[in-house]
Structures are given as C-alpha cells and as structure tokens.
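Participant:
Protein chains in written order, with my numbering: chain A, 11 to 253; chain B, 11 to 253.
1. Identify whether residue 198 of chain B lies in helix, strand or coil by the three-state DSSP scheme.
2. Could you tell me if the beta carbon of residue 195 of chain B falls within a distance shorter than 7 Å of some heavy atom in the ligand MN?
3. Between residue 190 of chain B and chain A, is there a C-beta pair that is closer than 8 Å?
4. Let me make sure I understand the geometry here. Which of A:125, A:153, A:219 and A:141 has the alpha-carbon closest to that of residue 203 of chain A?
5. Would you call the CB atoms of residue 244 of chain A and residue 197 of chain A closer than 8 Å?
6. Is residue 138 of chain B close to chain A, meaning its C-beta is less than 8 Å from at least one C-beta of that chain?
7. Using a Cβ distance threshold of 8 Å, determine whether the stretch 69–80 of chain A contacts the stretch 80–88 of chain B, with at least three qualifying pairs required.
8. Residue 147 of chain A to residue 58 of chain B, Cα distance in whole Å?
9. Can you tell me whether residue 64 of chain A is helix, strand or coil according to DSSP?
10. Would residue 104 of chain B count as contacting chain A if we go by Cβ distances under 8 Å?
11. If you draw a straight line from the C-alpha of residue 140 of chain A to the C-alpha of residue 122 of chain A, how long is it?
12. List the residues that DSSP assigns as beta-bridge partners of residue 8 of chain A.
13. Please specify which runs of the beta strand (DSSP E), each continuous and at least 3 residues long, are wholly inside the stretch 20–66 of chain A, giving them in chain order.
14. Whole angstroms are fine: how far does the CA of residue 56 of chain A sit from the CA of residue 159 of chain B?
15. Residues of chain B with CB under 7 Å from residue 132 of chain A, in chain order?
16. Taking just the CA atoms, how far does residue 103 of chain B sit from residue 61 of chain B?
17. Is the number of C-beta pairs between the stretch 216–223 of chain A and the stretch 187–197 of chain A that are closer than 8 Å three or more?
18. If you draw a straight line from the C-alpha of residue 236 of chain A to the C-alpha of residue 228 of chain B, how long is it?
19. Would you mind giving the Cβ-Cβ distance between residue 64 of chain A and residue 12 of chain A, rounded to the nearest angstrom? I have them listed as a contact below 8 Å.
20. Whose Cβ in chain B lies nearer than 7 Å to the Cβ of residue 241 of chain A?
21. Please confirm whether residue 228 of chain B has its beta-carbon closer than 8 Å to some beta-carbon of chain A.
22. Suppose contacts are defined by Cβ-Cβ distances below 8 Å. Is residue 93 of chain A in contact with residue 206 of chain A by that definition?
23. Would you report the Cα separation of residue 189 of chain B and residue 209 of chain A, rounded to the nearest angstrom?
24. Interface residues of chain B around residue 141 of chain A at Cβ under 7 Å?
25. Give a yes or no on whether the minimum CB-CB distance between residue 61 of chain A and chain B is below 8 Å.
26. Tell me the rounded alpha-carbon separation between residue 50 of chain B and residue 187 of chain A.
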C-alpha cells in the first residue's frame with residue numbers, strides 16, 4: 011500500500027511543529043506544498059525534492075502528490091496549521107478515492123484557532139465555532155447563515171480568511187451580522203502573521219473590530235457574552251466558581 | 011515578572027507534542043496537572059517536581075501552580091490536547107488576575123478535534139463547531155440551544171465529553187436534537203483513547219450514533235450534509251471541483 015502523508019506544520023515556526031510532523035517530513039523523499047508554506051520549512055529538511063505550486067492550484071498540487079505516491083515515492087503534502095482545517099486532506103482523499111493502492115494519512119497540526127488563540131490568551135475557553143469568510147467555494151449566503159446562528163448560540167467565533175484583496179469589506183459584513191445578536195462591547199481579538207515575522211495582535215470590542223481592516227494573514231476571534239479582557243489577554247471562562 | 015506556562019500536550023503520545031511544548035517542560039522545574047495526564051508524560055521529563063491533583067480539583071490545582079510561580083519557580087501546568095480548549099488556561103488567567111507580577115503564557119497543543127479528526131480522515135474539512143456535552147458548569151438548556159443552531163447551520167459538529175458515568179444518555183439526547191435538522195444518514199465518527207493504548211474508532215450514520223454508547227474518553231464527530239465516507243475515512247469536502 012502506498013502512503014501519502016498530509017502534514018500540518020502549525021503556524022510557521024519550527025517549534026510549533028509536532029514531533030510526529032518533523033519525523034514524517036524527515037522520512038519522506040518528496041515534499042509538496044504551496045510555495046509560501048514550503049519556504050517556511052525548507053531549511054529544516056534539506057536534501058528533499060520539493061514540489062511547489064502557487065495559490066489556487068490546489069487540485070493540480072494534490073494530483074501531483076498522488077501521482078508521485080502511486081509511483082512508490084514517500085510523499086508529504088504540507089499545509090499551514092492543520093492539514094484538515096481548510097487544508098488539503100479532504101481534497102487528497104477525494105482525488106485519491108480511485109487509487110486502490112493509496113492510503114492518505116493525516117498528521118495533525120496546530121491550527122490558527124489554537125496558535126492565534128494562545129497569542130491572545132484563552133479566547134477558546136468554551137464552546138466555539140470556526141468559520142472561513144472566503145466565498146470562493148462557499149456561497150456567501152451560507153456563510154452569513156452560519157455567522158448568525160453562531161452569534162445566536164453565544165459561542166466564541168473564530169474567523170479564518172477574514173479578508174482578501176477582493177473582499178476588503180467581508181469582516182465588516184460579518185461583524186454587522188454578529189452585532190444583531192451580540193453586544194457591541196463584546197471582547198474580540200485578532201492576530202496577524204502568527205508565529206511569523208511581523209506578528210501583530212490586538213484586543214478590541216466588536217464595534218471597533220467592525221471598523222478595523224485586517225489582511226488575509228489574520229485570524230479573528232469574537233468572544234461570547236462571558237469573554238473578559240484581563241491583563242491585556244482575551245479570556246473566555248469555562249465557568250469555574252472563583253471566590 | 012514571574013511566568014506560568016500552560017502547556018497543551020496533545021492527545022497523550024510524546025510524538026503529538028510540539029517542539030515548543032517539550033522545550034518548555036524541559037525548562038520548568040515544577041509540572042502541575044491532573045494525575046492522568048501527568049502520568050502520560052512523566053517518563054520523558056525526569057528530575058522535575060510533580061504536583062498532581064485529581065479530577066474536579068481544578069481551582070486548587072491552578073491556585074497551587076500560581077503560588078509556586080509567584081515564589082519564583084518556573085512552573086508549567088499541563089493539559090491534554092490544548093491548554094485553552096476545555097483546559098486550565100482561562101481559569102489560571104482569572105485566578106492570576108490579582109497577581110501583579112505574574113504572566114500566564116499558553117503553549118498551544120493539538121486538541122482532540124484535530125488529533126481525533128486525523129484518525130478518522132478529514133471530518134473538519136469545512137466550518138465546524140466544538141461543543142462539550144458536560145453540564146457540570148454549563149446549563150444543559152444552553153448546550154441544547156448550541157446543538158440546535160449548529161445543526162441548522164449545517165456545520166460539522168465535534169463533541170467533547172459526550173458521556174460520563176452520570177450522563178450516559180447525553181449523546182443520545184444530543185443526536186436527537188441534531189436529527190431534527192439533519193438527515194439520519196449523515197456521516198458521523200468517533201475515536202476513543204486517541205493516540206493512547208486501546209484506541210478504537212468507528213464511522214457510522216447519525217441514526218446509528220444515536221443508539222451507540224461511548225465513554226468520556228471519546229471524541230465524536232457529526233458531519234455536515236456534504237460529508238462522505240471514502241475508503242473507511244470520514245471526509246468533509248471544502249468544495250473543490252473534481253473532474
């Protein structure tokens with residue numbers, strides 16, 4: 011059975027990778043990925059064949075990885091964060107479905123909800139939702155519906171892909187929907203370039219977030235009704251009684 | 011400034027820890043945690059002072075860690091998975107609020123939604139919700155409301171603490187609520203003892219899940235309307251066009 015590994019490398023720093031991710035990449039002869047992520051890890055894994063493709067070339071990239079694995083090469087597809095959460099794992103499994111001798115195995119990684127959350131404090135301290143604002147493959151109406159239900163359910167909301175060059179007003183639109191069900195003082199936060207050069211973070215209210223521009227390398231957190239701002243950290247209590 | 015680290019150790023295997031988690035624990039002199047989790051890592055970090063407490067002693071455990079850190083000791087509180095997601099980070103930040111010279115820092119880890127998901131395939135391939143079924147500190151009515159909204163929003167649902175000795179019927183109750191908005195053929199899965207001895211996993215329909223007993227060491231995944239069963243893996247597509 012040929013194996014193809016989907017390896018989540020975490021936010022981008024070597025120290026954020028798991029031992030298993032590092033061992034898997036060391037054992038593979040070919041590493042496939044989006045060039046931005048490949049560049050983050052190349053120096054730690056020399057003497058590998060690297061197959062890099064640009065953005066929006068996901069299907070070609072995954073098919074290339076499958077073809078190499080089916081030829082018996084030991085191949086890893088690297089994704090930032092976790093390989094499943096808005097990563098390539100699902101697509102690889104769908105494309106690989108017709109290959110009888112191929113098994114796609116996931117090596118889990120620290121997704122931005124966790125790594126970005128750690129930078130802000132403890133925003134995901136209770137039930138939470140992860141939603142991508144990218145409408146490239148998801149109808150905007152469905153995204154709006156999910157935002158509204160998440161807001162009504164008073165869950166912490168973590169937003170991936172909150173903006174892009176073409177979608178500069180999506181975060182504002184999302185905040186407007188959420189504000190229909192949540193107070194404007196709700197504690198929010200965002201982290202840009204998590205664990206990479208130029209990391210920036212800020213804690214602010216939902217009303218302030220609505221009027222803030224962020225870029226596509228930013229992960230956004232919207233607290234629930236219990237979320238607090240403690241010593242410059244964003245903290246969602248689990249509910250322990252504190253005397 | 012005294013520092014207190016909250017370290018997510020992942021599901022329990024050494025290989026699931028990040029490099030940063032390992033380095034942090036190596037640098038600390040005291041490691042505090044729930045005895046079950048401490049036992050999982052003790053052998054890898056010898057010559058440390060270990061402070062172990064039982065279940066439901068969270069406030070005492072966290073206060074003990076804070077007191078040690080305030081005396082200048084380098085202390086880490088270990089949590090399974092991630093230290094924020096149903097972990098101790100939030101409580102430590104709340105309790106530590108009154109200590110002027112204390113900073114609580116989180117080292118993110120691979121939470122069960124990711125590690126369990128990797129074992130099943132790619133269940134969290136699109137927008138998802140993480141909900142704990144434990145009503146020890148959360149009113150059951152709020153949990154029911156969150157389940158219903160998540161089901162209506164057609165998001166993948168990941169359930170933590172799906173059962174306990176006193177709450178043997180909670181998963182059935184949760185599935186019944188979700189079945190009001192989702193088809194009974196919806197692809198689901200669960201993983202017990204992720205990355206530990208006795209790991210078990212199964213992929214099944216929502217109707218079958220409703221009639222299945224799981225224990226408190228199990229993480230449950232309920233797919234969205236697009237989730238597929240491919241080669242014994244649970245796969246939620248992101249939406250890429252496949253020719």
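Note that the Cβ used here is the ideal one computed from N, Cα and C, for glycine as well. A quick note: this is a predicted structure, and the numbers were derived from the prediction, not measured.
Facilitator: Per the coordinate set shown:
1. strand
2. This structure lacks the ligand MN, and indeed carries no ligand of any kind.
3. no
4. A:125
5. yes
6. yes
7. no
8. 50 Å
9. coil
10. yes
11. 10 Å
12. Since the first residue of chain A shown is 11 and the last is 253, residue 8 of chain A is not available in this structure.
13. 40–44 and 59–63
14. 48 Å
15. 94, 99, 100, 103 and 116
16. 19 Å
17. yes
18. 27 Å
19. Between residue 12 of chain A and residue 64 of chain A the Cβ distance is about 26 Å, and since that is not below 8 Å, they are no contact.
20. 107
21. no
22. no
23. 43 Å
24. 137
25. no
26. 44 Å
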